[in-house]
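Trainee: Anchor point for the sequence shown: position 197 equals 278 in the numbering used here, and the numbering is continuous, going up by one each time.
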Amino acid sequence: MAPDLPRLLVTRRLPREVENRLAKAYRADFNADDHQMSEAEILGDAQGKDALLITPMDKCFATGIIAKLPLSVKVIATFSVGHEHVDIAAARERNIAVTNTPDVLTDATADIALLLILGAARGAYWGERMVREDRWNSWSPTAPLGLDVSGKRLGILGMGRIGQAVARRARAFDMELHYHNRRPVAPDLAQGARYHAALDQMLPHCDFLSVNCASTPETRGLVNDSLIARLPDGAIIVNSARGDIIDDDALIAALKSGKLAAAGLDVFRNEPKIDPRYRTLDNVFLLPHLGSATRDTRIAMGMRAADNLDAFFADGNPADLLT
Ligand code: DGY
82 MAPDLPRLLV
92 TRRLPREVEN
102 RLAKAYRADF
112 NADDHQMSEA
122 EILGDAQGKD
132 ALLITPMDKC
142 FATGIIAKLP
152 LSVKVIATFS
162 VGHEHVDIAA
172 ARERNIAVTN
182 TPDVLTDATA
192 DIALLLILGA
202 ARGAYWGERM
212 VREDRWNSWS
222 PTAPLGLDVS
232 GKRLGILGMG
242 RIGQAVARRA
252 RAFDMELHYH
262 NRRPVAPDLA
272 QGARYHAALD
282 QMLPHCDFLS
292 VNCASTPETR
302 GLVNDSLIAR
312 LPDGAIIVNS
322 ARGDIIDDDA
332 LIAALKSGKL
342 AAAGLDVFRN
352 EPKIDPRYRT
362 LDNVFLLPHL
372 GSATRDTRIA
382 MGMRAADNLD
392 AFFADGNPAD
402 LLT
């Protein structure tokens, strides 16, 4: 092991191809048993490190750890596009660069958004359970029944890369597209979706609402009672972005009252310790944060994080520097 290679702490197991690459270019400490490291453990293992490669589960990077990191740490690469778990301002204060992994998980995450739309509308959860529990007695013309997706109106909340990829896919289902974003996107990226500068104006047009915005102070809790009240009765909400954008009390009440026909959720506030009430509802299709969880995508995310670290140590200018 060359002593002059930068020293790196990797807080979770990464795909083998990625760890092999990192092991050649860094004096890297890996997390052999893939446990979730505590703040104290990260602080201990960060001593003497030049770089940290972390994940969205390392939530302590949003809550004070950065000020306590040793001065040796110069860069933090997060293995994710989302970066609400890193206090970028605190990192800037300490002159620590922060990078993320955009682009490479766009398609995989948009695929999961469509799976949520289909799973929620067509009753994938109760259908699967009927088969597994041997309660499927006969094909019936009247029960059980789900809802059509084709021809319905889809509102996309957040028209970044993933929102745009959801729009491309939804077009293939003949959905009528609407979106809300801080700014309109170029027409070729909007896929014919109608722009609503005010979210409130879009909501009455949403048979389906797909949450695709980042978690920020402005969006946390955005999907609340009053937003849900403005959706058409029997609408469906799907979330493949971040759990804290949804007010769980409001969503659960609307699922129970029938205001919403169903929901599809891949992300949750405090995941994996989700609000247990979701498990009791038949009209919610639940997945364990699978958005980017394909082998190729996770390798691509790791390679992107490694590219950023390499660029940081080569010329201080990684492609995905967060400011
Ligand atoms: C991300 O990269 O932010 C995703 O949520 C991980 O799937």
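We treat Cβ as the ideally placed atom computed from N, Cα and C, and that holds for glycine.
For A148, which residues in the same chain have their Cβ closer than 8 angstroms to its Cβ, ignoring the five residues on either side in sequence?
Mentor: Here residue 148 refers to the residue found at position 67 of the sequence shown. Excluding sequence neighbours, A148 sits near A171, E174, R175.
Trainee: Report the partner residues of F289 according to the DSSP bridge assignment.
Mentor: Position 208 of the sequence shown holds residue 289. Per DSSP, L235, I317.
Trainee: Buried or exposed: L226, going by 16 or more other Cβ atoms within 10 Å of its Cβ?
Mentor: By one-based count along the sequence shown, residue 226 stands at place 145. Looking at its Cβ environment, which holds fewer than 16 other Cβ atoms inside 10 Å, L226 is exposed.
Trainee: What's the C-alpha gap between G241 and N218?
Mentor: Walking along the sequence shown from the start, residue 241 turns up at place 160. Walking along the sequence shown from the start, residue 218 turns up at place 137. Between G241 and N218, the C-alpha separation is close to 45 angstroms.
Trainee: Between the C-alpha atoms of R323 and E352, what's the straight-line distance to the nearest angstrom?
Mentor: Sequence index remark: in the sequence shown, residue 323 carries index 242 (1-based). Sequence index remark: in the sequence shown, residue 352 carries index 271 (1-based). Cα-Cα distance, rounded: 10 angstroms.
Trainee: In the DSSP assignment, find the unbroken alpha helix (DSSP H) run with F394 in it and report its ends.
Mentor: Start at 1 with the first residue of the sequence shown, and residue 394 comes out as number 313. It spans 376-396 - the alpha helix (DSSP H) in which F394 sits, taken as one unbroken run.
Trainee: Under three-state DSSP, which class holds I146?
Mentor: Counted from its first residue, the sequence shown places residue 146 at position 65. The answer is helix: DSSP assigns I146 an H, G or I state.
Trainee: I need the boundaries of the alpha helix (DSSP H) containing A106, first residue and last residue.
Mentor: Your numbering for residue 106 matches position 25 in the sequence shown. Per DSSP, A106 belongs to the alpha helix (DSSP H) from 97-106.
Trainee: Hey, quick one: how far does the beta strand (DSSP E) through I135 stretch, first residue to last?
Mentor: Counted from its first residue, the sequence shown places residue 135 at position 54. Segment 132-135, the beta strand (DSSP E) holding I135.
Trainee: What do you reckon, is the C-beta of G244 under 7 angstroms from a heavy atom of the ligand DGY?
Mentor: Position 163 of the sequence shown, counted from the first residue, corresponds to residue 244. It does not: the Cβ of G244 is nowhere closer than 7 angstroms to a heavy atom of the ligand DGY.
Trainee: Quick one: give me the first and last residue of the alpha helix (DSSP H) that R173 is part of.
Mentor: On the sequence shown, position 92 is the one that residue 173 refers to. Residues 169-174.
Trainee: Does A386 get closer than 8 angstroms to chain C when you measure Cβ to Cβ?
Mentor: The displayed structure is made up of one protein chain only, and chain C is not part of it.
Trainee: Less than 7 angstroms between the CB of P353 and some heavy atom of the ligand DGY, yes or no?
Mentor: In the sequence shown, counting from the first residue as 1, residue 353 sits at position 272. No - the ligand DGY has no heavy atom lying nearer than 7 angstroms to the Cβ of P353.
Trainee: Between the beta-carbon of N320 and the beta-carbon of A343, is there less than 8 angstroms?
Mentor: If you number the sequence shown from 1, residue 320 lands on position 239. If you number the sequence shown from 1, residue 343 lands on position 262. Contact: no.
Trainee: Hey, would you say the C-beta of P369 is under 7 angstroms away from at least one heavy atom of the ligand DGY?
Mentor: Here residue 369 refers to the residue found at position 288 when the sequence shown is read from its first residue. No.
Trainee: What residue from L280, P137, C294, I123 has the CA that sits closest to H166's CA?
Mentor: The residue labelled residue 166 in the question sits at position 85 within the sequence shown. Checking every option, the nearest Cα to that of H166 belongs to P137.
Trainee: Beta carbon of L134: closer than 7 angstroms to some heavy atom of the ligand DGY?
Mentor: Here the question's residue 134 lines up with position 53 in the sequence shown. Answer for L134: no, Cβ out of range of the ligand DGY.
Trainee: Kindly list the residues whose CB is nearer than 6 angstroms to the CB of H261, restricted to its own chain and excluding five residues on each side of it in sequence; keep chain order.
Mentor: The residue labelled residue 261 in the question sits at position 180 within the sequence shown. Counting only Cβ-Cβ distances below 6 angstroms, and skipping sequence neighbours, we find L238, H277, L280, M283.
Trainee: Once you ignore the five residues that flank C287 on each side, which residues in its own chain have a CB closer than 8 angstroms to its CB?
Mentor: For the purposes of this step, residue 287 is identified with residue 206 of the sequence shown, where counting begins at 1. Closer than 8 angstroms at Cβ, skipping near neighbours: R234, L235, G236, H259, L312, P313, A316.
Trainee: Report the CB separation of I318 from E98 in whole angstroms; it is logged as a contact under 8 angstroms.
Mentor: Within the sequence shown, numbered from 1, the residue matching residue 318 stands at position 237. Within the sequence shown, numbered from 1, the residue matching residue 98 stands at position 17. With 8 angstroms as the limit, I318 and E98 do not qualify as a contact, their Cβ atoms being about 36 angstroms apart.
Trainee: Determine, using beta carbons only, whether F366 and A205 come nearer to each other than 8 angstroms.
Mentor: Residue 366 sits at position 285 when you count from the first residue of the sequence shown. Residue 205 sits at position 124 when you count from the first residue of the sequence shown. In this structure, A205 lies closer than 8 angstroms to F366 by Cβ.
Trainee: State buried or exposed for Q117, treating a residue as buried only when at least 16 other CB atoms are found within 10 Å of its CB.
Mentor: Counted from its first residue, the sequence shown places residue 117 at position 36. It is exposed - the Cβ of Q117 has fewer than 16 other Cβ atoms within 10 Å.
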